[in-house]
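One structure is given here, and the rest of the page talks about it.
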Amino acid sequence: MATTGRRSTAARGLGRDEEKLGRELLAQMQLIRRFEEKAAEMYALGKIGGFLHLYIGQEAVAVGAISTLRADDYAIAGYREHGHALAKGSDPRRLMAELFGRRDGVSKGKGGSMHLFDKSVNFLGGHAIVGGYLPIAAGVGFAIRYESRDAVILCFFGDGSVPQGEFHESLNLAALWKLPVVFICENNRYAMGTAIHRALAQTEIFRFAEAYRIPGEACDGMDVLAVRDAVGRAVARARESGTPSLVEARTYRFRGHSMRDPSTGLYRSKEEVEEEKKADPILTFRDRLLREGLLDEAGWAALAAEVETRVGEAVAFAEASPEPPAEWLVEDVYA
Amino acid sequence: MAVITYREALNHALREEMERDERVFLMGEEVGVYGGAYKVSQGLLEKFGERRVIDTPICESGFTGVGIGAAMVGLRPVVEMMTFNFALLALDQIVNHAAKLHYMSGGQFTVPLVIRGPGGPAHQLAAQHSQSMETYFYHVPGLKVVRPTTARDAKGLLKSAIRDESPVIFIESEVLYGVKGEVPDVADFLIPLGVAEVKREGKDVTVVAYSRMYYKVLEAAEEVEKTDGISVEIVDPRTLRPMDTATILASVRKTHRVLVAEAGAGFAGMGSEIAAFITEEAFDDLDAPVARITGANAPMPYARNLEALKTPSKEKIVDAIRRVCAVL
């Protein structure tokens with residue numbers, strides 16, 4: 001099950017009958033990409049404040065993984081979570097309004113970019129303490145088991161979470177109690193500016209699964225189908241037998257850690273970033289669909305135009321939404 | 336009225352709430368097979384089984400987070416800290432997650448979680464096992480903090496805490512587990528959170544005290560009544576956050592003098608906050624400055640003689656009452 005190479009070989013191609021699926025995966029990745037490029041513009045204009053961590057380059061992980069879920073399954077993520085919320089089905093208009101800090105935001109403008117929550121689609125946040133929410137994912141798995149349901153939770157985190165104690169406590173508890181949690185490490189090789197070999201004694205992250213006697217697998221996080229296959233296997237195990245898994249999706253962040261961080265310079269070279277961009281998960285998947293005849297140029301143009309419309313609507317909605325009223329400051333402190 | 340121990344009162348509260356609501360479960364170190372390090376959960380595993388009484392490995396951050404996650408999606412966990420000293424390992428879970436998820440999600444998610452276990456000074460357990468931990472929690476918006484004093488409080492407040500929709504930090508006292516008290520026999524005895532109790536009526540001075548300090552203040556009150564004729568009113572806040580300031584202020588407006596007795600280190604302690612709101616709200620009613628008697632600003636020492644000096648003694652409380660009443 002384990003893959004030792006830098007990335008696994010590409011997953012099987014799509015059959016003709018999966019034409020629709022291919023387009024959906026591509027459309028979701030494109031929506032995340034354009035939503036975030038637009039968010040970066042809005043940040044530059046001062047309409048979005050605080051920290052803004054872009055997911056650009058990693059879209060295949062959230063989209064491929066979440067494409068394996070049912071509506072009653074859960075997802076939880078860190079602070080680079082715009083993509084996960086969108087893939088889980090959250091309304092881009094309400095997500096953009098949250099980034100703007102407006103009253104129609106998913107979290108009523110109180111959370112911001114790092115705290116997107118959407119109960120209507122079982123998206124559990126939006127957490128800004130590295131590794132801190134991994135035990136919470138285990139707790140959701142505990143509740144699923146307690147109630148004898150067959151739902152699962154996907155827990156997304158970066159390579160920066162792996163040295164944290166919570167990673168190890170959560171894997172141990174999930175393995176010990178057979179909790180239906182799929183731990184998905186998005187290994188983009190840098191925890192902020194710290195390269196993985198400077199942070200971890202074991203840089204093949206999927207191997208930590210062996211310590212907890214659960215299945216571990218690495219996959220090409222730049223290939224949406226490879227992620228879908230690996231996570232699909234893990235979801236099936238979790239659903240059928242409550243077996244947790246650790247999936248390491250090897251990916252790359254094209255932008256800086258946050259908007260305040262230049263994408264290259266101190267900790268990685270421009271050449272490295274340019275080289276990685278050749279594996280752009282959207283362009284490579286689009287080209288593959290074109291090559292395999294599952295999409296034509298007109299189809300791509302229509303898909304891209306539809307995404308532009310949705311992103312435009314999201315910004316217009318956010319702009320039109322009022323600021324939260326002053327009395328909301330002290331509401332929702334206690335339930 | 337049944338006369339039972341503080342420990343039994345907690346056990347009964349857990350038992351009743353687990354019987355009443357299938358979503359309530361107990362999780363923590365040694366709560367099941369061992370029956371609880373302090374035997375609070377004795378018999379619960381036998382009654383409710385392993386599904387609802389869950390022994391955890393030693394990983395406070397991990398199992399506290401499990402409680403938070405389970406609460407977010409509809410369960411009502413009771414997480415036991417073997418002692419509250421260990422809760423610091425879970426402080427990020429409690430402060431950054433449990434306390435804030437309701438707010439950060441714009442009210443979408445709730446965390447109906449109780450974290451309970453013993454805290455406060457104990458007997459010769461030294462610096463890491465004998466300290467007042469409430470300070471670390473009552474500062475945080477989003478948390479409720481309870482410190483029950485009697486068996487009656489323990490039962491009524493724990494049942495209310497389990498039914499509360501917000502996370503509740505419920506700090507018991509290991510030196511009170513064996514103390515007996517009357518607990519009403521009524522089927523569903525509840526004490527609401529956020530309501531103080533005047534535990535002893537008096538007219539000359541108000542003393543605010545909770546948990547173990549209440550019993551020391553009670554002894555001191557009986558002594559000054561005999562020796563000095565001072566009539567002491569004792570107010571037990573019971574819930575530290577939200578605090579029932581109205582009951583404390585009403586007592587101060589009656590007696591015009593107030594002493595806050597606190598086991599923990601005094602700097603930025605509970606007494607500081609109580610002194611502040613009394614000064615803000617009832618300054619003109621005071622005949623003397625608000626007085627505090629607190630634990631020393633030092634970690635808890637092991638040596639018996641030094642330990643006795645660390646926490647306010649009955650004698651020191653007697654002196655403090657005399658001072659605030661200007662008879663010293």
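Line order of the protein sequences matches chains R and X. Residue numbers for the first sequence follow my numbering, so the first one is 1 and each next one is one higher. Residue numbers for the second sequence follow my numbering, so the first one is 336 and each next one is one higher. The beta-carbon is built from N, C-alpha and C at its ideal position, and this holds for glycine as well. Bear in mind that the values here come from a model prediction, so they are computed numbers and not experimental data.
| Buried or exposed: ASN632 of chain X, going by 16 or more other Cβ atoms within 10 Å of its Cβ? | exposed
| task | Evaluate ILE565 of chain X with the Cβ neighbour count: other Cβ atoms within 10 Å of its Cβ, from every protein chain shown; 16 or more gives buried, anything less gives exposed. | result | buried
| request: Below 7 Å CB to CB, which residues in the same chain sit around ALA71 of chain R once its five sequence neighbours on both sides are set aside? | output: none
| query | Helix, strand or coil for ARG340 of chain R per DSSP? | reply | Shown here, chain R extends from 1 to 335; a query on residue 340 of chain R therefore has no answer.
| query | Excluding the five sequence neighbours on either side, which residues of its own chain have a C-beta within less than 6 Å of the C-beta of ALA201 of chain R, listed in chain order? | reply | The answer is none, since no qualifying residue turns up.
| query | Exposed or buried, what is LYS270 of chain R when buried is set at 16 or more other beta-carbons lying within 10 Å of its beta-carbon? | reply | exposed
| task | Could you tell me whether any Cβ in chain R is nearer than 9 Å to the Cβ of ASP427 of chain X? | result | yes
| field | Where the segment 431-459 of chain X meets chain R: residues whose CB sits under 7 Å from a CB there | value | ASN431, HIS432, HIS437, TYR438, MET439, SER440, GLY441, GLY442, GLN443, PHE444 and THR445
| said: Check whether chain X comes within 9 Å of HIS82 of chain R, counting only Cβ atoms and requiring the distance to be less than that. | reply: no
| request: State whether the segment 527-538 of chain X contacts the segment 575-593 of chain X, with contact taken as three or more CB pairs (one from each stretch) at a distance under 8 Å. | output: yes
| request: With a floor of 3 residues, list each beta strand (DSSP E) that falls wholly inside the segment 371-452 of chain X, ordered by position along the chain. | output: 388-390 and 411-415
| task | Tell me whether GLN428 of chain X is buried or exposed, calling it buried when 16 or more other Cβ atoms sit within 10 Å of its Cβ. | result | buried
| Looking at chain X, which residues of the segment 151-176 of chain R have a Cβ within less than 9 Å of any of its Cβ atoms? | ILE153, GLY165, GLU166, HIS168, GLU169, SER170, ASN172, LEU173 and LEU176
| Roughly how many angstroms separate the alpha carbons of HIS53 of chain R and GLY299 of chain R, rounded to a whole number? | Distance between HIS53 of chain R and GLY299 of chain R, taken at the CA atoms: about 31 Å.
| LYS108 of chain R (DSSP reduced to helix, strand or coil) | coil
| query | What's the gap between the Cα of GLY573 of chain X and the Cα of THR251 of chain R? | reply | Looking at the sequence shown, residue 573 of chain X is not Gly but Arg. Roughly 53 Å between the two C-alpha positions.
| task | Please check the pair ARG103 of chain R and PRO322 of chain R, which I expect to be a contact at CB under 8 Å, by giving their CB distance rounded to whole angstroms. | result | 5 Å
| message | I'd like the list of long-range same chain contacts for SER648 of chain X, defined as Cβ closer than 6 Å, with 5 residues on each side in sequence excluded. | response | none
| Backbone CA spacing between GLY64 of chain R and GLY221 of chain R [nearest angstrom] | 9 Å
| query | Do we get a CB-CB distance below 9 Å when we pair GLY141 of chain R with the residues of chain X? | reply | yes
| Under 8 Å by beta carbon: chain R residues contacting ARG386 of chain X | TYR146
| Any C-beta of chain R under 9 Å from that of SER501 of chain X | Closer than 9 Å: yes.
| request: Check the Cβ-Cβ distances between PRO572 of chain X and every residue of chain R, and say whether any is below 9 Å. | output: no
| request: Using the Cα positions of GLY139 of chain R and GLY404 of chain X, report the straight-line distance between them to the nearest angstrom. | output: 4 Å
| message | What would DSSP say about ARG235 of chain R, mapped onto helix, strand or coil? | response | The question names Arg, but residue 235 of chain R is Val in the sequence shown. Three-state DSSP puts VAL235 of chain R in a helix.
| said: So that I know if they touch, is there some Cβ in chain X lying closer than 9 Å to that of LEU117 of chain R? | reply: Note that residue 117 of chain R is Phe in the sequence shown, not Leu. PHE117 of chain R counts as touching chain X.
| Residue range of the beta strand (DSSP E) that includes GLY516 of chain X | 515-518
| message | For a minimum of 4 consecutive residues, which ranges assigned as the alpha helix (DSSP H) are wholly contained in the segment 527-583 of chain X? | response | 547-563
| request: In angstroms with no decimal places, state the Cα-to-Cα distance between LYS38 of chain R and ILE48 of chain R. | output: 11 Å
| query | From what residue to what residue does the alpha helix (DSSP H) around LYS494 of chain X run? | reply | 486-498
| request: Over the uninterrupted beta strand (DSSP E) stretch that includes LYS479 of chain X, give me the two end residues. | output: 479-481
| task | Give the residues of chain X in contact with GLY111 of chain R, contact being defined as C-beta atoms less than 7 Å apart. | result | MET439, SER440 and GLY441
| At which residue ranges does the segment 106-182 of chain R contain complete beta strand (DSSP E) runs of 3 or more residues, listed in the order of the chain? | 123-126 and 153-158
| query | Comparing alpha-carbon positions, which option in X:PHE421, X:PHE383 and X:ALA406 lies nearest ALA306 of chain X? | reply | The structure shown does not extend to residue 306 of chain X, since chain X is modelled only from 336 to 663, so the question has no answer here.
| task | With a 10 Å radius around its C-beta and 16 neighbouring C-beta atoms as the bar for buried, classify GLU274 of chain R as buried or exposed. | result | exposed
| request: Return helix, strand or coil for TYR473 of chain X, following the three-state DSSP convention. | output: helix
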